[in-house]
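Keeping their order, the protein sequence lines are chains Z and R.
The opening residue of the first sequence carries number 1 in the numbering used here; numbering runs sequentially from there.
The opening residue of the second sequence carries number 1001 in the numbering used here; numbering runs sequentially from there.
Have a look at the structure below, then the notes.
Number of protein chains: 2
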Amino acid sequence: MRTSPLLTDLYELTMLAGYLQEGLSEEPATFDLFFRSNPFEGGYAVFAGLEPALAALEQLRFAEDELAYLKSLNLFRPAFLDYLRTFRFRGTVVAPPEGTVVFANTPLLSVSGTLAEAQFVETLLLNLVNFSTLVATKAARIVHAAGDDASVLEFGLRRAQGPDGGLTVARAACIGGVTSTSNVLAGQTFGLPLRGTHAHSWVMAFPDELAAFRAYADAFPHNCILLIDTYDTLQSGLPHALAVAAELRAQGHELYGVRIDSGDLAYLSREVRQAFDRAGYPAVKIVASNELDEFVIDSIRDEGGCVDIYGVGTRLATCAGRGGGALGGVYKLVECCGLPRLKVTSDMAKATLPGRKRVLRAINPDGGYLQDILALDVDDPLAPGDTVYDPSNPLQHTLLAATATLRDLRTAVMVDGKRTRVAEPLDALTARCREELARLPQGCLRFINPHRYKVSLSPTLNALRNQLIAERSSTI
Amino acid sequence: MRTSPLLTDLYELTMLAGYLQEGLSEEPATFDLFFRSNPFEGGYAVFAGLEPALAALEQLRFAEDELAYLKSLNLFRPAFLDYLRTFRFRGTVVAPPEGTVVFANTPLLSVSGTLAEAQFVETLLLNLVNFSTLVATKAARIVHAAGDDASVLEFGLRRAQGPDGGLTVARAACIGGVTSTSNVLAGQTFGLPLRGTHAHSWVMAFPDELAAFRAYADAFPHNCILLIDTYDTLQSGLPHALAVAAELRAQGHELYGVRIDSGDLAYLSREVRQAFDRAGYPAVKIVASNELDEFVIDSIRDEGGCVDIYGVGTRLATCAGRGGGALGGVYKLVECCGLPRLKVTSDMAKATLPGRKRVLRAINPDGGYLQDILALDVDDPLAPGDTVYDPSNPLQHTLLAATATLRDLRTAVMVDGKRTRVAEPLDALTARCREELARLPQGCLRFINPHRYKVSLSPTLNALRNQLIAERSSTI
C-alpha cells in the first residue's frame, strides 16, 4: 500500500524548500528518533513499526497530482516542485530489530543522508514508529499481567483511530505477545490468527437465550464460544450454556468456551469455572472482557479469577491511561555538515545528545541485561570497567561492570534507500520480544514504580555533550 | 478510497453465517449507535464521521481475494461464501448531520435493514463514527478555550494512530472549529487550510540562530513564522526575530509570526508581545505549542497570555486524558422481526432502549436548546406539556415546557443503500457546530462539572421499556 508523501507536516516541505534555496539541502546530516520517558510510567518499551517505516521510505516519491496540489498552494517556487519530482529517500537507517526492548533516551532509528531527505521523513517516521511502539509496549504489559496460563485476544478495532489505526494495533499487539485478533483484515494482511464469539444482539435476535445458544452451536459446532451475560450470567447464561454443552457432546462435539462481558469478572469466572468442572467440562475455556487492561487483569488474577482468554479492546487500541495516549517520540538533528549538533534548553532532560551513535547493551555472564550505553559511532572505544554517565545528570556516573559483554543493539537496516534484508516474519518479532523481556531485570516489568534500567553515556559522548553545552552558553 | 469488508470483527461474519443458516438473515432489524456518557466528562459531544461511514456502506462488497481468504480460514460453509459474493448494504440509515451537538443515550445512527446487513456493519460504523466524534468534540472544547480572538492549528500527525488516523483527526478537528492543519495530505484530501513553521532542527542546521532565521525569512518572506525557543526564548530567539522583522520590513515584507514551543507560555507570550509591540510590530502573531489542551489553554488565558494561534498536537490527535481516549460508542439491536428488543442488565444505565425512535430537540422561543426527547418512531404523538422520563431512573420525570417547539434531529441519510443527498462541504459542518454550541445552555460548555443537558424518554417509550423489562424479569 502506497503512503502519500503528502502525509507529512507542512513544515517539512517548507524546510526542504528552504534548505534547497540556501544551498544546504545536500549537506550530510543525521537525525535520531527517540523518546524521553518510558510509556505508561513503565520500565521499558517494545520497539515496533520499523517494517512499515522502511516500506514507506523505500517507495517515497511525489506523483503528479501531489505536485499539482503543492503548486496550488502558491507557497513554493517552480524550481522546488521540479526538485520534488525526482526526490527520493536514498539515505541510511540504523535501527534495532522490531521486538527489541528499548528505553528512554535510546536512539531507536538514526537516519543519515542529505539534510533534505533525512529531515523530510521526520513526520512519516514518527507517525509510523510512535504508535506501533506504544501498542507493542501496552500489549507486552497486558500479556505479562495475563500470565503464562492465559492468552490475550485483541478486539479494539471499533475504538481504533480509523481503519488503519486498527491494523496498526493488531500488528503491534502481536509483536507484544497478543496471540489473536478479531480484526479480519489484520488476519488477511498479516496472517494473524483470528478469534471471535458473538454479540449480545445475537441473543436478542432470538425469542430466548437458549434458542440463541443452540443456533450458534448449530452453526459453529467446532468453534462455539457463547456470550453468557446478555440477561443474567449465573441465573440464565450459565445454565443455558451448560445445556448446550451437553447437547453438543451428545452430537460428538465439545463446547469451546463461554464469554463474560460484564459484572465482577473474578467472581463470575470462578463460579462459571466450578460449574463447568462439576458438570464434567474442564476443557471449556472462559473468555473475559470489558474494559480490561494490565491493572484490571492483575486484580482479577489476585482474586483467583479463572480466565483462560482475556479479550482486550479499547485500552489496548487507544493506549489511553496513565503515561499513555501517545509515545512522545521526537526526531532531532544530531550531526550536520560533519559537525555534531545540540539543542539546549533550560531543562537538562530536554537537551539532545549530539553526534552519530552506537547503542551498546551490557550483558551479564548469565545473559541478563545490565544497562545500555550510548557511545559515539567512531573514536569511542568503550570497554567494561569504564565510567559511564547519566544523561540527565552528569554528576551521576557508574562503572561499567568488568564482567559485562557489550552488544551493538542496532544495524544498518537500510543503506542508500534500500532495505538490507527481507522483512522478518511476525512470529519472529513476537519471539524476540518474549526473550528480551525474560532477560530484563525482573523489576523492570513491575507496573507501579518499576526498576529504572540505566541508559548511560560513554565518557567520550558525555565529554562532547558538555563541551557543546559550554560553547553554546558562551555564545548567547 | 475503498474500505475492505474484512475491516470488521470476526464475529460479525460468524453471526452473519449463523443468521443465514438459521433462516433469520432476511428478517427486518434496526440497530441504534449511541454512547452512554459524554466524552471528557463534558457536557456534550459533536457528531462526526457520518460521510466516511456512508461512503463505506455504499461501496461495501467482497472481492474475490477476500472471499478466498475467508475460505482459507476453514470456518465457513461454501454456501455462505457464495452469499457474500453478492452481499451489499441496501438498508436505511437515519442520522443527524455532522456537526450536530449530541448527548449520551441519543441514538446517533439508526440502521434498518435485514438482520444480516444491519448487523454486519456494526464494527465498520463504530470504527468510523467513534473516533471522529471524539476528536470533533475535543476540538470544539479546545476552540472554546482559545476564545474568539485566537485560532487553533492542528498538528498531531506524528502522534496519530497511523496514516489515516492522522487524516481522520484533521477532518474531525475542522468540524469542531480548528481552522488549519499541518497535515498536507489532509489539505489535499479535504481542502483544509495548511499552516506550518519550522522545526528546531532548522535552527540547529545553521551556524547560529540569526543565520537560520534570516535564511527562513529569505525562503518565505510572505509567510515567515520563526521558532524562537531553540536556545533561549527571551535572550536569543526574541532579539534575533526582532532583527529579522526589521530586515523583512526594509525589504517591504512583514514578519508573520513567532512560535514558542517550551517554557512558561503565559509569561513568555506576554514578554514577546510587549517586545514586538514596543518595536512597532503589533501585527506579528504569537503561536504557542507544547502539550496544549483545553485546560492548559484556559490557564494561559487566565494568566494574561498573549497567544494568537494555539498549535495543538498530541492531546487532540489522541484525545487522551480524563474521560477521553475513546468514545464508548455501542451498536445495539432495538427491533427485530417487527418486535422491539431490549438488553437488560443489573445496571439500569446499561439497559438498552427498545424500538425504532425519533430524536426530538425541544427548543425555547429564543432558539436556545432546552432538552432532547427520545420517542418511538410511530404511534408516539409527543407534545409540549407532556411528562418525560429520565432513561436511567424512571422515578425522575419532568414536564416538557409548553412554550417549546420540537425539531426532529435526524433524517434518512441513506435509503436502500444509497445516500439521499450529496456530501455537505466541510465548512458547512464547522458552521453548524459553531451555531449549535451557541444555542446550548452556557453551562454545558464548562469543562469541570458541566451542566447536564437532559435527554428524556417520551411517555410511550418509557412505558414500552418498563413493560419489556418486566416481561424479561418474569422469564428468567
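Here a beta-carbon is modelled for each residue, glycine too, at the ideal position from N, C-alpha and C.
All values reported here derive from a predicted model rather than from experimental measurement.
Could you tell me how far apart the beta carbons of residue 1433 (chain R) and residue 1176 (chain R) are, in whole angstroms, since I believe they sit closer than 8 angstroms?
Indeed, because the Cβ distance is near 6 angstroms, the residues count as touching under 8 angstroms.
Can a CB atom of chain R be found closer than 7 angstroms to the CB of residue 11 (chain Z)?
Interface residue, yes.
Any beta carbon from chain R within less than 7 angstroms of residue 190 (chain Z)'s own beta carbon?
Closer than 7 angstroms: no.
Report yes if the CB atom of residue 1312 (chain R) is closer than 7 angstroms to the CB atom of residue 1292 (chain R), and no otherwise.
Yes.
Quick check on residue 476 (chain Z): does DSSP put it in helix, strand or coil?
Note that residue 476 (chain Z) scores 48 on pLDDT, short of 50, meaning its location in the model is unreliable and no value can be drawn from it.
Report buried or exposed for residue 1064 (chain R), applying the criterion of at least 16 other Cβ atoms within 10 angstroms of its Cβ.
Exposed, by the Cβ-count rule.
Going along chain R in order, which residues have a C-beta closer than 7 angstroms to the C-beta of residue 107 (chain Z)?
Going along chain R, no residue has its Cβ under 7 angstroms from residue 107 (chain Z), so there is no contact; the nearest lies around 15 angstroms.
How many Å lie between residue 1170 (chain R) and residue 1395 (chain R) at the Cα?
Cα to Cα, the separation comes out at about 43 angstroms.
Could you check whether the segment 1425-1440 of chain R touches the segment 1111-1125 of chain R, counting it as contact only if at least three pairs of C-beta atoms, one from each stretch, sit closer than 8 angstroms?
They do not touch, by the three-pair rule.
Please look up how many angstroms separate the CB atoms of residue 1245 (chain R) and residue 1255 (chain R), rounded, as I've assumed it's under 8 angstroms.
With a Cβ gap of about 4 angstroms, residue 1245 (chain R) and residue 1255 (chain R) count as contacting.
In the DSSP output, what is residue 1397 (chain R) paired with across the bridge?
In DSSP, residue 1397 (chain R) forms a bridge with R:1389.
Hey, out of Z:456, Z:277 and Z:445, whose CA is closest to residue 141 (chain Z)'s CA?
It is Z:445.
When we look at the beta-carbon of residue 462 (chain Z) and count the other beta-carbons within 10 Å, is it buried (16 or more) or exposed?
Classification for residue 462 (chain Z): buried.
Could you check if residue 1344 (chain R) is buried or exposed, using at least 16 other CB atoms within 10 Å of its CB as the buried criterion?
Burial call: buried.
Here's the rule I'm using: 16 or more other beta-carbon atoms within 10 Å means buried, otherwise exposed. How should residue 161 (chain Z) be labelled?
Per the 10 Å Cβ criterion, buried.
Using a threshold of 7 angstroms, state whether the C-beta atoms of residue 1225 (chain R) and residue 1241 (chain R) are closer than that.
Not a contact, by the Cβ cut-off of 7 angstroms.
CB-CB under 7 angstroms to residue 210 (chain Z), same chain, minus the five flanking residues each way: which ones, in chain order?
Only 240 and 243 meet the Cβ criterion.
With a 10 Å radius around its C-beta and 16 neighbouring C-beta atoms as the bar for buried, classify residue 1098 (chain R) as buried or exposed.
The residue in question, residue 1098 (chain R), is buried, as its Cβ has 16 or more Cβ neighbours within 10 Å.
Using the C-alpha atoms, what's the distance from residue 117 (chain Z) back to residue 83 (chain Z)?
Whole-angstrom Cα-Cα distance: 12 angstroms.
Just to confirm, does residue 1226 (chain R) get its C-beta within under 6 angstroms of one of the non-hydrogen atoms of the ligand MG?
What this structure holds is no ligand at all, so the ligand MG is not there to describe.
Name the residue from R:1464, R:1420, R:1391 and R:1415 whose alpha carbon lies nearest to the alpha carbon of residue 1453 (chain R).
Measuring from the Cα of residue 1453 (chain R), the nearest candidate turns out to be R:1391.
From residue 1146 (chain R) to residue 1308 (chain R), what distance separates their C-alpha atoms?
Computed Cα separation, rounded: 9 angstroms.
Start and end of the alpha helix (DSSP H) containing residue 1300 (chain R)?
First-last of the alpha helix (DSSP H) with residue 1300 (chain R): 1294-1302.
Assess, as a yes-or-no matter, whether the segment 1402-1416 of chain R is touched by the segment 1349-1368 of chain R under the definition of 3 or more beta carbon pairs within less than 8 angstroms.
Yes: the two stretches touch, three or more of their Cβ pairs being nearer than 8 angstroms.
For residue 260 (chain Z), write down the residues that DSSP places opposite it in a beta bridge.
Per DSSP, Z:288.
Taking Cβ positions only, does residue 1281 (chain R) come closer than 7 angstroms to chain Z?
No - not a single Cβ of chain Z is within 7 angstroms of the one on residue 1281 (chain R).
Find out if the Cβ-Cβ distance for the pair residue 1105 (chain R), residue 1455 (chain R) is shorter than 7 angstroms.
Yes, Cβ-Cβ distance for residue 1105 (chain R) and residue 1455 (chain R) is below 7 angstroms.
Examine chain R for any beta-carbon lying closer than 7 angstroms to the beta-carbon of residue 476 (chain Z), and answer yes or no.
Here residue 476 (chain Z) scores only 48 on pLDDT, less than 50, and its place in the model should not be relied on; the value that follows carries that caveat. By this cut-off, residue 476 (chain Z) is an interface position.
Hey, out of R:1040, R:1058, R:1027 and R:1019, whose CA is closest to residue 1415 (chain R)'s CA?
The option with the nearest alpha carbon to residue 1415 (chain R) is R:1058.
Evaluate contact between the segment 1002-1017 of chain R and the segment 151-159 of chain Z, counting only Cβ atoms and requiring at least three cross-stretch pairs below 8 angstroms.
Yes, the segment 1002-1017 of chain R touches the segment 151-159 of chain Z.
The segment 1290-1316 of chain R: which residues have C-beta closer than 7 angstroms to a C-beta of chain Z, in chain order?
From the segment 1290-1316 of chain R, only 1314 have a Cβ closer than 7 angstroms to chain Z.
Taking any Cβ of chain R, which residues in the segment 140-166 of chain Z have a Cβ under 7 angstroms from it, in chain order?
So the close ones are 155, 157, 158, 159, 160, 161, 162, 163, 164, 165 and 166.
Which residues of chain Z have a Cβ atom closer than 9 angstroms to the Cβ of residue 1018 (chain R), listed in chain order?
By Cβ distance, chain Z contributes 198, 202, 215, 216, 218, 219 and 220.
Please look up how many angstroms separate the CB atoms of residue 184 (chain Z) and residue 194 (chain Z), rounded, as I've assumed it's under 8 angstroms.
6 angstroms between Cβ atoms; contact.
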